[in-house]
Amino acid sequence: MATIDIIDEKTIRIKVTLEDAVAMVREASRDIDGYASEIVTIYEKMPEFQYTFFCFYAYDSARLFENMLRMDPKEYLSFSLDAPDAFFYSLYGGMAGLYDQAKQRATSSRM
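Each residue of the sequence shown is one higher than the one before, counting from 1 in the UniProt record's numbering.
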């Protein structure tokens with residue numbers, strides 16, 4: 001489970017593990033319709049960030065991340081993320097597995 005250390009009233013440090021990525025993939029798979037846009041964005045954009053430098057907030061794709069944390073990091077002015085490479089690669093792999101379904105649903109919801 002993610003660890004959130006409050007450094008001060010403006011700053012937090014978030015530490016996640018491989019299990020947190022698995023939890024995010026499970027949540028996304030339970031609600032592909034609701035997370036379709038995020039699944040597609042994460043899958044399509046992570047390679048541009050060499051996977052491990054991906055920023056959930058760069059493309060408004062943080063709902064899964066915030067759900068896993070059970071809080072909104074944007075309530076603070078600054079936060080850092082300590083995550084092993086396995087977190088990002090596992091998250092990408094999970095999104096890859098859901099991508100085709102999510103892409104289809106995201107496209108049909110725009111029509």
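Ideal Cβ placement from N, Cα and C applies to all residues, glycine included.
query	result
C-alpha distance - S90 paired with F79, whole-angstrom precision	22 Å
Three or more C-beta pairs below 8 Å linking the stretch 98-106 and the stretch 64-75	no
Same chain only: Cβ atoms within 6 Å of K45, ignoring 5 sequence neighbours per side	Y59
M48 classed as buried or exposed, judged by whether at least 16 other C-beta atoms fall within 10 angstroms	The identity of residue 48 in the sequence shown is Glu, whereas the question assumes Met. When all chains shown are included, E48 counts as exposed.
Cβ-Cβ separation, Y43 to M95 (assumed contact under 8 Å), whole Å	4 Å
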